[in-house]
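Have a look at the structure below, then the notes.
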Amino acid sequence: MSVFIREINVENLGPLARLSFKPARLNLIYGRNEQGKTCLVEFVIRSLFRKSKQWRLRDLGGSGTVVVALDGQSQAFDPHSKKKLEDFWEQDGGGLPRDFSKLLVVKGGELVLAEDAEGGADKAIVKRFLSNREVLDRLESKISTTIQQARVENRRLVGPRRGEIGRRMELEERLVQ
Numbered sequence: 004m005s006v007f008i009r010e011i012n013v014e015n016l017g018p019l020a021r022l023s024f025k026p027a028r029l030n031l032i033y034g035r036n037e038q039g040k041t042c043l044v045e046f047v048i049r050s051l052f053r054k055s056k057q058w059r060l061r062d063l064g065g066s067g068t069v070v071v072a073l074d075g076q077s078q079a080f081d082p083h084s085k086k087k088l089e090d091f092w093e094q095d096g097g098g099l100p101r102d103f104s105k106l107l108v109v110k111g112g113e114l115v116l117a118e119d120a121e122g123g124a125d126k127a128i129v130k131r132f133l134s135n136r137e138v139l140d141r142l143e144s145k146i147s148t149t150i151q152q153a154r155v156e157n158r159r160l161v162g163p164r165r166g167e168i169g170r171r172m173e174l175e176e177r178l179v180q
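Okay, structure coming up:
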């Protein structure tokens, strides 16, 4: 099941009089203390999940909706919704989607991991998830050794005279002639 938050709308939520935005795939919400960052995160948790009590959230009042795309269809949730995200997983019969085993929420400066995740998540998993080291390693493996040994000096590419760099140097020399 593909899940994506399309829109968040809140009113009178802690210090937030009104806020409406369409999140991207990765979002950083920052600001000074007591500006509503944690209130917003807690609102999203309360709106989407049934067991929000185990997160030890504050009762902030306020109103609004979190609109989620579930397999391409929009579904609005709020803290008082009878149906929560888990209800849609149960309809699928597949239980918690695998991608949600990596569910990570940074709230109030502390990492909170999904405790129900099969196998749990330790510090190494969080580090791997946040650093994207695997992505960097894959990219590096696709860059030839010759290019990895190259550097830029005085606005010129310098490196071993072989492979891509050797071909480039030959072409540059032909242009100069």
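Heads up: the sequence shown begins at 4 in this note's numbering, then just goes up one per residue. Every residue gets a Cβ at the ideal spot worked out from N, C-alpha and C, and that includes glycine. No experiment lies behind these values; they were computed from the predicted model shown.
Under the three-state DSSP convention, the category residue i falls into
i: arginine 9; result: strand
i: aspartate 119; result: The pLDDT assigned to aspartate 119 is 49, lower than 50, so where the model puts this residue is not dependable; a value taken from the coordinates is nonetheless given after this. Three-state DSSP puts aspartate 119 in coil, outside helix and strand.
i: glycine 162; result: coil
i: serine 84; result: coil
i: glycine 147; result: Note that residue 147 is serine in the sequence shown, not glycine. Coil at serine 147, not helix or strand.
i: glycine 67; result: strand
i: phenylalanine 52; result: coil
i: arginine 21; result: strand
i: leucine 114; result: In this prediction, leucine 114 scores a pLDDT of 47, lower than 50, which makes its location untrustworthy; no coordinate-derived value is stated.
i: leucine 60; result: coil
i: leucine 31; result: coil
Same chain only: Cβ atoms within 8 Å of residue i, ignoring 5 sequence neighbours per side
i: isoleucine 168; result: Thr149, Ile150, Ala153, Leu160, Gly162
i: phenylalanine 24; result: Glu10, Ile11
i: leucine 63; result: Leu16, Gly17, Cys42, Glu45, Phe46
i: glycine 65; result: Val13, Glu14, Asn15, Leu16, Gly17, Leu19, Cys42, Phe46
i: methionine 172; result: Arg164
Whole-Å CB distance - residue i paired with residue j, under 8 Å assumed
i: glycine 39; j: leucine 60; result: With 8 Å as the limit, glycine 39 and leucine 60 do not qualify as a contact, their Cβ atoms being about 14 Å apart.
i: valine 13; j: leucine 43; result: 7 Å
Of the listed residues the options, nearest to residue i (C-alpha basis)
i: arginine 9; options: Arg165, Asn30, Arg21, Lys85; result: Asn30
i: serine 77; options: Lys85, Thr68, His83; result: Thr68
i: leucine 22; options: Phe46, Asp140, Arg158, Phe91; result: Phe46
i: lysine 85; options: Glu156, Arg49, Arg28, Glu143; result: Arg49
7 Å CB neighbourhood of residue i in its chain, flanking five on each side removed
i: lysine 87; result: Leu51, Phe52, Arg53, Phe80
i: glycine 122; result: Any answer about glycine 122 is weak, because its pLDDT of 42 lies below 50 and its placement is not dependable; what the coordinates show is given next. Contacts found: none.
i: glycine 166; result: Ser147, Thr149
i: proline 26; result: Ile8, Ile11
i: isoleucine 32; result: Lys40, Leu43
Cβ shell of residue i (< 6 Å), same chain only, five flanking positions each side left out
i: alanine 72; result: Phe7, Arg9
i: glutamate 176; result: none
i: leucine 178; result: none
i: glutamate 89; result: Arg53
Residue(s) in a DSSP beta bridge with residue i
i: glutamate 198; result: With the chain covering 4 to 180 only, the question about residue 198 has no answer from this structure.
i: glutamate 14; result: Arg21, Ser66
i: alanine 79; result: Val70
i: valine 155; result: Leu160
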